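**Q** Take a look at this one; I'll ask things after.
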Amino acid sequence: QYQGYLTALETCAKPVIVAVHGPCIGGALDLICAADIRFCSASAVFQVKEVDLGMAADVGTLQRLPKIIKSQSLVNELCLSGRKMSAAEALSCGLVSQLFDNDDVLIEKSI
């Protein structure tokens with residue numbers, strides 16, 4: 023059922039914009055990967071946490087993330103190690119398109 027919600031976001035006729043501040047872990051990462059535009063603040067961190075729980079990230083991350091960041095090696099590293107990715111790294115690899123210094127500016131620019 024959750025996969026259906028994410029597919030609805032991904033196929034929505036209107037642009038879907040997400041603004042990430044703080045941790046974006048597991049299902050939250052699945053959700054932002056279904057969006058058209060991803061912004062974050064410097065406080066954001068991204069993590070595929072499922073591996074630490076002995077689970078597969080099977081709600082969309084494994085399918086959507088490689089299309090977004092274009093590096094299968096980085097996708098493998100994140101999904102198999104559970105390593106946290108900083109906001110700066112997310113910007114440099116293309117996971118997000120803009121990085122804002124603080125949460126207030128992030129929200130202002132996202133609306």
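Sequential numbering of the sequence shown, starting at 23, is according to my numbering.
Just so it is clear, CB atoms sit at the ideal spot from N, CA and C, and this is done for glycine as well.
None of these values were measured; they are calculated from a predicted model.
1. Should the segment 28 to 46 be regarded as contacting the segment 63 to 70, the criterion being three or more beta carbon pairs within less than 8 Å?
2. Skipping 5 residues on each side, what residues in its chain have a beta carbon closer than 6 Å to that of D109?
3. For L177, which residues from the same chain have a beta carbon less than 8 Å from its beta carbon, with the 5 sequence-adjacent residues on both sides left out?
4. Enumerate in chain order the residues of its own chain whose CB-to-CB distance from L87 is below 6 Å, with the five nearest sequence positions on each side excluded.
5. What's the gap between the Cα of I91 and the Cα of R60?
**A** On the basis of the coordinates in this document:
1. Judged by Cβ distances under 8 Å, the segment 28 to 46 makes contact with the segment 63 to 70, as three or more pairs qualify.
2. Indexing the sequence shown from 1 puts residue 109 at position 87. Checking the sequence shown, residue 109 turns out to be Ala, not Asp. Here the set comprises C62, A64, A66, L121.
3. For residue 177 there is no data in the structure shown, the boundaries of the chain being 23 and 133.
4. Reading the sequence shown from its first residue, position 65 is the one you call residue 87. Cβ within range, chain order: C55, V97.
5. Here residue 91 corresponds to residue number 69 of the sequence shown, with the count starting at 1. Here residue 60 corresponds to residue number 38 of the sequence shown, with the count starting at 1. Straight across, the Cα-Cα distance linking I91 with R60 is about 12 Å.
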